[in-house]
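So for the sequence shown, this note's numbering puts the first residue at 239; every next one is plus one.
We treat Cβ as the ideally placed atom computed from N, Cα and C, and that holds for glycine.
Please read all numbers here as calculations on a predicted model, not as lab measurements.
Structure first, commentary second.
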Amino acid sequence: MENLLIKKTKLIAIYGRVSTSNQESEGTIETQLLAVSEFAKLHGYTIVKEYLDEGWSGDNLIRPGLDQLRMDAKKRNWEAVLIYDPDRLARRGAWQEVVMEELKELEIDVLFVTIPQPKTDEEIIMYKMRGVFTEYERMKIKERFRLGKVRKVREGNLLVSEPLYGYTYIKKEDKIHGYYKVNQEESKVIQMIFKWIDEEGLTQRKIVTRLYQLGIKPRKSKRGVWSTSTLTTLLKHKAYIGEAHWGSSYAVVPENPKSTTKYRKVKKSSRRMKPEEEWYKIPVPPIIDKELFYRVRERVERNFKQSIRNKKYDYLLIGLIFCSCGRRRSGEGPKHGKYLYYRCNDRINNFPLPKTCLQGGINARIIDNMVWQSISMLMTSPQIILEHATRWKNIKSTKNTFQPDEIRQIEDELMNSKMEEIRFNRAYGAGMLTLEQLREFLIPIKEKITMLESQIERAREQERNSEEIKIPDMDQIEVFVKNVKEKLMDLSFEVKRGIMMNVIEKIVGTQQELQICGYIPITTENNVSFFSGDRNGMSTNRPSNIREIGNNIPFKLTIQIPTPQKLFGNK
């Protein structure tokens, strides 16, 4: 009787997904949830948890909501997953099969609102064929859409979401396609900018300052000021000489992404330029004379090459050192590199507005030497390494928030909740409760059971972690130190830089002190190797979890900087 009752009140989770770019055609999350909820109510299912991915493409299987669903499935807190349509699970049929097979092995059903659950071999084959045809049709629509845009561009039509500064986009009317019309007010600003560079030789930063002083704002800006990157784009755009373009670049997966976050809504977040001969050219009304345009372009390139800011100097800690305000510090070499400083990026980011951070610059040559000496001493001292390892182990051991008595209390409470659930099911079977009353009582109990089971699992995980914590013994440390001492002699700047990138996690610096955190790689080989896999010269495989990287010992250092103010930049 109890099995029959559980079947009647099947506990399910629901999953919903919608892509922001397709919300209008696919419907919002709320629309899906409404249809799913009505389906669950009609079939007597009890929804115990919702998993949602709003703004995530179905072409990406790595999604936070879906990942959480797959992890929770192993806990058996529900018996089935209800989804509006198979393409909400994934766009590709193969990916749908991966997730569905994974859930099937856990004895969890996957139900859809739009189609019945396939049961026979014939229904399973038809379901798979449906997915193949859906994917094929989607690719055909995508290709037809692309060819349609190419045809319009070849006919001289503009395809823009936002008109270039200096122009107004006149939308399509009747049979006349959209086109650019010169914006008289903005075009005067463009002509002034080109004139300032050609006649006065102003740099882009000076142009930004002058525009700010004149109160001329860009079309869109949260700060209300121009940026040098915007000017660079405008000064290179051939639309100002009557040659607009389309299809100059294409989306690619970044080789060295700035963010290493696991969940990325857009995989192809970088763009790669095509050869100019492959661009589609579209005639538009010119604003700038061709000769002036190319003179200014040549002047901008010459300014860039001659700029002191673009000369490269050796900064050992670039990319690692931060200001106490939270921004990065970047290198700067005034007086042609006679002095090198790490300065807060606040004044760069806020330019031409006043800076908000009042921290001064730090002499780069002095702290580069101090940090290198400190790290070298750390890696060549067995006793100091052992002290850091012991401190780390003690910290990890004391992080267990659950005591044995507390775990037993949680287990007793869990048992009582499960017994209470059984009693309500029996009461329903005896006719003492209606189905609606049963659901009302069971939902909070199920939530409580899930919470208690999660607490027990977390407590056990902490116990396992405590047992697994091991630190290198003195013999291992001495072998490491011996290898390091042999390899730290007469190193080039590049090798020193690589060691810093792989040992130091972060430095927070003021003119008074440096706070350094990182980890010591206690390995028996390749101790001073360095990597330059990403944009900052850091290893793309740099570990993010200290416990998972074996004998890598976290450390924290504080270095007091000498007090004479003449050693530091106060500008």
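{"Item": "Roughly how many angstroms lie between the CA atoms of Arg255 and Pro354, to the nearest whole one?", "Value": "19 Å"}
{"Item": "Based on the DSSP secondary-structure assignment, which residues constitute the bridge partners of Pro792?", "Value": "Tyr757"}
{"Item": "According to the Cβ coordinates, are Leu795 and Ile737 closer than 8 Å?", "Value": "no"}
{"Item": "Buried or exposed: which applies to Ala332, given that a residue is buried once 16 or more other Cβ atoms fall within 10 Å of its Cβ?", "Value": "exposed"}
{"Item": "Does the distance from the CB of Gly480 to the CB of Pro523 come in under 8 Å?", "Value": "yes"}
{"Item": "Cutting at 6 Å between CB atoms, please list the residues of its own chain near Thr406, excluding the five before and the five after it.", "Value": "Lys419 and Asn421"}
{"Item": "Would you kindly check if the distance between the Cβ of Tyr580 and the Cβ of Ile604 is under 8 Å?", "Value": "no"}
{"Item": "Check Lys519 in the structure and name its three-state DSSP category.", "Value": "strand"}
{"Item": "Please identify the residue among Leu327, Ser507, Pro456 and Lys380 whose C-alpha is closest to the C-alpha of Gly369.", "Value": "Leu327"}
{"Item": "Tell me which residue opens and which closes the alpha helix (DSSP H) that Ala602 is part of.", "Value": "Ala602 to Met617"}
{"Item": "Would you mind working out which of Lys476, Gly439, Thr352 and Trp517 sits nearest Tyr322, comparing C-alpha positions?", "Value": "Thr352"}
{"Item": "Since I believe Glu751 is in contact with Ile797 (beta carbons under 8 Å), could you give me their beta-carbon distance rounded to a whole number of angstroms?", "Value": "6 Å"}
{"Item": "Tell me whether Ala668 sits in a helix, a strand or coil according to DSSP, three-state version.", "Value": "coil"}
{"Item": "Does the distance from the C-beta atom of Gln597 to that of Thr748 stay below 8 Å?", "Value": "yes"}
{"Item": "Tell me whether Thr406 sits in a helix, a strand or coil according to DSSP, three-state version.", "Value": "strand"}
{"Item": "Nearest-angstrom Cα distance between Ile252 and Val491?", "Value": "31 Å"}
{"Item": "Out of Asn588, Lys387 and Ile791, which has the shortest C-alpha to C-alpha gap to Ile623?", "Value": "Ile791"}
{"Item": "Given that a residue counts as buried once 16 or more other Cβ atoms are within 10 Å of its Cβ, and exposed if not, what is Gln675?", "Value": "exposed"}
{"Item": "Considering only the alpha carbon of each residue, which of Ser655, Gly669, Ser692 and Leu690 lies closest to Leu680?", "Value": "Ser655"}
{"Item": "Give me the Cβ distance between Ile758 and Phe793, rounded to the nearest whole Å; I'm assuming they're in contact under 8 Å.", "Value": "6 Å"}
{"Item": "Counting only runs that start and end within the stretch 385–440, where is the beta strand (DSSP E) found for 3 or more residues in a row?", "Value": "405–408 and 417–420"}
{"Item": "Tell me where the alpha helix (DSSP H) around Ala311 begins and ends.", "Value": "Pro302 to Ala311"}
{"Item": "With a 10 Å radius around its C-beta and 16 neighbouring C-beta atoms as the bar for buried, classify Ile300 as buried or exposed.", "Value": "exposed"}
{"Item": "Assign Thr801 to one of two classes, buried (16 or more other C-beta atoms within 10 Å of its C-beta) or exposed (fewer than that).", "Value": "exposed"}
{"Item": "Quick check: the stretch 381–394 against the stretch 460–467, are there 3 or more CB pairs under 8 Å?", "Value": "no"}
{"Item": "Sort Pro302, Glu345, Glu373 and Ala278 by Cα distance to Asp325 and report the nearest one.", "Value": "Glu373"}
{"Item": "If distances are taken between C-alpha atoms only, which option among Glu659, Leu671, Trp610 and Ile715 comes closest to Asn740?", "Value": "Trp610"}
{"Item": "Which value, in whole angstroms, describes the spacing of the CA atoms of Met430 and Ile408?", "Value": "25 Å"}
{"Item": "Taking 8 Å as the cut-off, decide whether the C-beta atoms of Ile428 and Tyr403 are in contact.", "Value": "yes"}
{"Item": "Would you please state the rounded distance, in angstroms, between the beta carbons of Arg567 and Lys474? I believe it to be under 8 Å.", "Value": "Contact flag wrong, Cβ pair sits at about 30 Å."}
{"Item": "Please look up how many angstroms separate the CB atoms of Phe277 and Val446, rounded, as I've assumed it's under 8 Å.", "Value": "Contact flag wrong, Cβ pair sits at about 57 Å."}
{"Item": "Please classify Val274 as buried or exposed, where buried requires at least 16 other C-beta atoms within 10 Å of its C-beta.", "Value": "buried"}
{"Item": "Please name the residue in Val504, Arg448 and Leu396 whose C-alpha comes closest to that of Tyr518.", "Value": "Leu396"}
{"Item": "Tell me Phe662's beta-bridge partners as DSSP assigns them.", "Value": "BP columns for Phe662 are empty, so no partner."}
{"Item": "Drop a sphere of 10 angstroms on the beta-carbon of Tyr478, count the other beta-carbons inside from all chains shown, and report buried for 16 or more, exposed for fewer.", "Value": "buried"}
{"Item": "Taking DSSP as the reference, what is the three-state secondary structure of Ser487?", "Value": "strand"}
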